[in-house]
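Visitor: Provided herewith is a single structure, encoded as structure tokens, for subsequent inquiry.
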Amino acid sequence: MRPESEDKREGASAPSLHKGARRREGFGPGAYLLFTAILIAALVLCVCVGSVSIPLMDTVRVIGAAILKKPIPEISAKSIILSVRLPRVICVALTGASLSIAGAAMQGLLKNPLADGSTLGVSSGASLGAALAIAFGVSLPGLPFAGTMIMAMAFAFLSLILILSLAYRLDYSLSTSTIILIGVIYSMFINSVLSLVITFSGDHLKSITYWTMGSLAGSSYKNALVLLAAMVICASILLFHARELNAFAIGEDNARHIGVNVKRVKLVVMITVSVLIGVCVSIGGTIAFVGLVTPHMVRMITGPNHKRILPASLFGGATFLLLADLVARILFNPIELPIGVVTSFIGALLFVNIFYQTRRGK
Amino acid sequence: MAMLEVRNMTVAFGERKVVDDVSFSLEEGRWLMLIGPNGAGKSTIVNAIAQSVDYTGQVIYRGEDVKRFKPTQLARQIGILSQNHSVGYGFTVEEVVRLGRYSYAPGIFSRHSDADEESVERALELTGIRELLHQSVLTLSGGELQRTFLAQLLAQDPKILILDEPTNHLDLVYQKQTFALIREWLSQSGRAVISVVHDLSLARAYGTDAVLLQKGKSVTVGPISSAFEPGTLDGVYSMDVAGWMRRMLSQWE
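The listed protein sequences correspond, in order, to chains A and B.
If you use our numbering, the first sequence corresponds to residues 28 to 389, in order.
If you use our numbering, the second sequence corresponds to residues 10 to 262, in order.
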């Protein structure tokens, strides 16, 4: 159906479909090597720098020996590296990766670049779940930390369901303003309930207040293991749904028309995202805006295809949160800022920027 | 056997029946036009066949209720072109068109087969959007966007095309070409088309069958001529339709 005049122009200059290997939508091995190199560099940097500076070579030797199960060199910083900084840095990286891929998936699913655990109020919901678990002493036999975690996941999922059903009812297209409005109202509501829980929590006050701040200081290897397990499982599930997320990012109706099982994919992605946010919140509290900042920056470089955004968000999110944590630790040394303060500061500025651009775009 | 049968379809939003007990069938090689004034329920019927809205009654594809179809199975038989397209992110035209092949190989490990390549190539060729291949869909005009989604639909290679206002954003040249393209697509065996069309002249020129709707109810169902019998349209549109058309045409004489 090309106009005849244009027919004649068709020829060598018309772009062709990508053939064979050139048509790969995801990243090649080179890109993954680069991402890994950047991430490791950030990890090592974060272990070296802090209230006590540790020489790079000492850090590398100690970590290398620990990984290779060789005798660890007896240097003064050994315990700082292995018992304090390394577990924290690993937890920070895993939290950053998890929150970012969760944000990227939600932004695709809802076709909205401002959707994120913190803007939607899902993280607030998760922290209420965690607070209730602490206040009422919910725990599973044999797994003392699992009670908070499961409550955080369950509340994250319930929040997501509640927020989305409210939002769909108000405005089926889920416009940016609706998302923001619902997120703000829901977060305020949750925070008031949270304050109520804190007021009556007595002895548990201190540990509950912790969830509302967001900090990964004092993380353990056990935390890291839980985060790693959750991230590996959930990130794999999301990566398996990259094509479906592309379809949703183009439009839910279009996704249905091309044969995507819309209900199933939505449910799977929402559960996966809730698990990720629930686990992260139960370990590090609410660290706002990570899932907003990273995918946004990644998207500017990789374009909107989820076969690239999702893996790039994993690596980018880990690196971003590591650097944010570093800033939190050294900016007012020896006073340490909660990491959530740094991410909120950057995230809020970016949020305004994206909001402004999407509004102006209309 | 009819390719597609809609039996006693009723769609209600709350108390209000938007589609009220509508039945029609579609045979191979036919082009059925859904016509009627605004709010007659044309787009809702399309959405119900697409399983996007709840309905009572049945939609039967070659003897089987489509409610029993898996989403991928349905997409391989029935393809839908919506009236409006809003795209949130800057996907390339190629990425959007290629997604049309989703139902043939869902999942991450699926590889593009030769059939996929062929269908995508043919769709790009037919819709004339090859030069836009690597362009972001956010930069397209309304007409280009419409042709991109038409290309996605053709790449999907369904047996029945359901088009909601297919020439909505298109200028006259592309309108003419789109209708010619659909007629050509229809000429292969085992295919049929349903389209919602506002332009009654286009409906009359290209349609073989018609369902004329008014406030959710079908006024006439049958060959295209049945909707155009003297007086029928006038009642539905509350005006002298033929007189108006002739007056418009006289401008060109």
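Heads up, the beta-carbon is just placed ideally off N, CA and C, and yes, glycines get one too.
Does any CB atom of chain B fall closer than 8 Å to the CB of Pro331 (chain A)?
Guide: Taking the first residue of the first sequence as position 1, residue 331 (chain A) is located at position 304. Chain B, which has a Cβ nearer than 8 Å to the Cβ of Pro331 (chain A), makes this yes.
Visitor: In angstroms, rounded to a whole number, what distance separates the CA positions of Cys118 (chain A) and Ala375 (chain A)?
Guide: Along the first sequence, read from residue 1 onward, the residue named residue 118 (chain A) stands at position 91. Along the first sequence, read from residue 1 onward, the residue named residue 375 (chain A) stands at position 348. The straight-line gap separating the alpha-carbon atoms of Cys118 (chain A) and Ala375 (chain A) is approximately 23 Å.
Visitor: Kindly provide the ranges of any alpha helix (DSSP H) runs that are 4 or more residues long and lie completely inside the region 223-258 of chain B, ordered along the chain.
Guide: 233-236 and 241-246
Visitor: Counting only beta-carbon atoms, is Met28 (chain A) nearer than 8 Å to chain B?
Guide: Sequence index remark: in the first sequence, residue 28 (chain A) carries index 1 (1-based). The predicted position of Met28 (chain A) is uncertain, since its pLDDT is 48 and thus under 50; no value can be drawn from it.
Visitor: Kindly indicate which three-state DSSP category Trp194 (chain B) falls into: helix, strand or coil?
Guide: Taking the first residue of the second sequence as 1, we reach residue 194 (chain B) at position 185. Three-state result, Trp194 (chain B): helix.
Visitor: Where does Val68 (chain B) sit, in a helix, a strand or coil, going by DSSP?
Guide: For the purposes of this step, residue 68 (chain B) is taken as residue 59 along the second sequence, with counting starting at 1. Reduced to three states, the DSSP call for Val68 (chain B) is strand.
Visitor: For Phe227 (chain A) versus Met297 (chain A), is the C-beta distance shorter than 8 Å?
Guide: Numbered from 1 along the first sequence, position 200 holds the residue referred to as residue 227 (chain A). Numbered from 1 along the first sequence, position 270 holds the residue referred to as residue 297 (chain A). No.
Visitor: Assign Leu61 (chain A) to one of three DSSP states: helix, strand, or coil.
Guide: Within the first sequence, the letter at position 34 stands for residue 61 (chain A). Three-state DSSP puts Leu61 (chain A) in a helix.
Visitor: Measuring only the C-alpha atoms, how far is Gly99 (chain B) from Val325 (chain A)?
Guide: Counting from one through the second sequence, the residue named residue 99 (chain B) turns up at place 90. Counting from one through the first sequence, the residue named residue 325 (chain A) turns up at place 298. One C-alpha to the other measures close to 13 Å.
Visitor: Using the C-alpha atoms, what's the distance from Ile87 (chain B) back to Ile373 (chain A)?
Guide: Locating residue 373 (chain A) in the first sequence gives position 346, counting from the first residue. Locating residue 87 (chain B) in the second sequence gives position 78, counting from the first residue. Taking the straight line joining both Cα atoms gives about 47 Å.
Visitor: Under 8 Å, do Gly245 (chain A) and Ile366 (chain A) count as touching if we go by C-beta distance?
Guide: Within the first sequence, the letter at position 218 stands for residue 245 (chain A). Within the first sequence, the letter at position 339 stands for residue 366 (chain A). Taking 8 Å as the Cβ cut-off, Gly245 (chain A) and Ile366 (chain A) do not qualify as a contacting pair.
Visitor: In the DSSP assignment, the alpha helix (DSSP H) including Val102 (chain B) goes from what residue to what residue?
Guide: Residue mapping note: residue 102 (chain B) aligns to position 93 of the second sequence, counting from 1. It spans Val102 to Arg107 - the alpha helix (DSSP H) in which Val102 (chain B) sits, taken as one unbroken run.
Visitor: Leaving aside the five residues before and after Ser40 (chain A) along the sequence, list all residues of the same chain whose C-beta is less than 6 Å from its C-beta, in chain order.
Guide: As a position in the first sequence, residue 40 (chain A) is number 13, starting the count at 1. Caution applies to Ser40 (chain A), whose pLDDT of 49 falls short of 50 and renders its modelled position unreliable; the value that the coordinates give is listed next. Correct list: empty, nothing qualifies.
Visitor: Once you ignore the five residues that flank Leu242 (chain B) on each side, which residues in its own chain have a CB closer than 6 Å to its CB?
Guide: Mapped onto the second sequence, residue 242 (chain B) falls at position 233. Result list for Leu242 (chain B): Val250, in chain order.
Visitor: Could you spell out where the alpha helix (DSSP H) holding Asn281 (chain A) opens and where it closes?
Guide: The residue given as residue 281 (chain A) occupies position 254 in the first sequence. Glu279 to His284 is the extent of the alpha helix (DSSP H) around Asn281 (chain A).
Visitor: Closest Cβ-Cβ distance between Val287 (chain A) and chain B: below 8 Å?
Guide: Position 260 of the first sequence, counted from the start, is the residue given in the question as residue 287 (chain A). Closer than 8 Å to some Cβ of chain B, the Cβ of Val287 (chain A) qualifies, so yes.
Visitor: Among residues of its own chain, excluding the 5 on either side of Lys79 (chain B), which ones have a beta-carbon nearer than 7 Å to its beta-carbon?
Guide: In the second sequence, counting from the first residue as 1, residue 79 (chain B) sits at position 70. Closer than 7 Å at the Cβ level, and outside the excluded window around Lys79 (chain B), lies no residue.
Visitor: Beta carbons nearer than 9 Å to chain B: which residues of the region 266-277 of chain A have them?
Guide: Leu266, Phe267, His268, Ala269, Arg270, Glu271, Asn273, Ala274, Ala276 and Ile277
Visitor: Between Ile69 (chain B) and Asn177 (chain B), what straight-line distance do the alpha-carbon atoms span, to the nearest angstrom?
Guide: Within the second sequence, residue 69 (chain B) is the residue found at index 60, counting from 1. Within the second sequence, residue 177 (chain B) is the residue found at index 168, counting from 1. Ile69 (chain B) and Asn177 (chain B) have their C-alpha atoms some 28 Å from each other.
Visitor: Need the endpoints of the alpha helix (DSSP H) that Lys51 (chain B) sits in, please.
Guide: Mapped onto the second sequence, residue 51 (chain B) falls at position 42. Element bounds for Lys51 (chain B): Lys51 to Ile58.
Visitor: Taking C-beta pairs closer than 8 Å, name the residues in chain B that Arg283 (chain A) reaches, listed in chain order.
Guide: Position 256 of the first sequence, counted from the start, is the residue given in the question as residue 283 (chain A). Near Arg283 (chain A) (Cβ distances below 8 Å), the residues of chain B are Ala59, Gln60, Ser61 and Pro80.
Visitor: Cβ of Tyr246 (chain B) less than 8 Å from any chain A Cβ?
Guide: Residue 246 (chain B) sits at position 237 when you count from the first residue of the second sequence. For Tyr246 (chain B), the answer is no, since every Cβ of chain A falls outside 8 Å of its Cβ.
Visitor: Cα separation between Thr385 (chain A) and Val76 (chain A)?
Guide: As a position in the first sequence, residue 385 (chain A) is number 358, starting the count at 1. As a position in the first sequence, residue 76 (chain A) is number 49, starting the count at 1. The straight-line gap from Cα to Cα measures roughly 39 Å.
Visitor: Between Leu141 (chain B) and Leu190 (chain B), which are expected to be in contact by the criterion C-beta below 8 Å, what is the C-beta distance as a whole number of angstroms?
Guide: The residue given as residue 141 (chain B) occupies position 132 in the second sequence. The residue given as residue 190 (chain B) occupies position 181 in the second sequence. Going by Cβ atoms, the distance from Leu141 (chain B) to Leu190 (chain B) rounds to 17 Å, so no, they are not a contact pair.
Visitor: Which word fits Arg71 (chain B), buried or exposed, when buried means at least 16 other C-beta atoms lie within 10 angstroms of its C-beta?
Guide: On the second sequence, position 62 is the one that residue 71 (chain B) refers to. Exposed, because fewer than 16 other Cβ atoms sit within 10 Å of the Cβ of Arg71 (chain B).
Visitor: Starting from the Cα of Gly312 (chain A), find the closest Cα among A:Ala157, A:Ala355, A:Ala251 and A:Asn281 and give me that residue.
Guide: Reading the first sequence from its first residue, position 285 is the one you call residue 312 (chain A). Gly312 (chain A) has its Cα closest to that of A:Ala157, out of A:Ala157, A:Ala355, A:Ala251 and A:Asn281.
Visitor: What residues match up with Ser34 (chain B) in a beta bridge as DSSP calls it?
Guide: In the second sequence, the residue the question calls residue 34 (chain B) occupies position 25. Answer is B:Glu14, bridged to Ser34 (chain B).
Visitor: How about Tyr70 (chain B): is its C-beta nearer than 8 Å to some C-beta of chain A?
Guide: As a first step, residue 70 (chain B) must be located in the second sequence, where it is residue number 61. Tyr70 (chain B) does not count as touching chain A.
Visitor: Note down the Cα distance separating Thr146 (chain A) from Asp166 (chain B), rounded to an integer number of angstroms.
Guide: Working through the first sequence from its first residue, we reach residue 146 (chain A) at position 119. Working through the second sequence from its first residue, we reach residue 166 (chain B) at position 157. Straight-line Cα distance between these residues: approximately 40 Å.
Visitor: Tell me which residues share the same chain as Ile108 (chain A) and place their Cβ nearer than 8 Å to its Cβ, disregarding the 5 neighbours each side in the sequence.
Guide: Along the first sequence, one-based indexing puts residue 108 (chain A) at 81. Excluding positions up to five away in sequence, the list reads Val74, Ile81, Asp85, Thr86, Val89 and Ile90.
Visitor: Check whether the Cβ of Gly88 (chain B) lies closer than 8 Å to any Cβ atom in chain A.
Guide: The residue you call residue 88 (chain B) lines up with position 79 of the second sequence. Closer than 8 Å to the CB of Gly88 (chain B) there is at least one CB belonging to chain A.
Visitor: Based on Cα-Cα distance, which residue from B:Val220, B:Lys224, B:Met257 and B:Glu262 lies nearest to Trp40 (chain B)?
Guide: For the purposes of this step, residue 40 (chain B) is identified with residue 31 of the second sequence, where counting begins at 1. When only C-alpha atoms are compared, the closest one is B:Val220.
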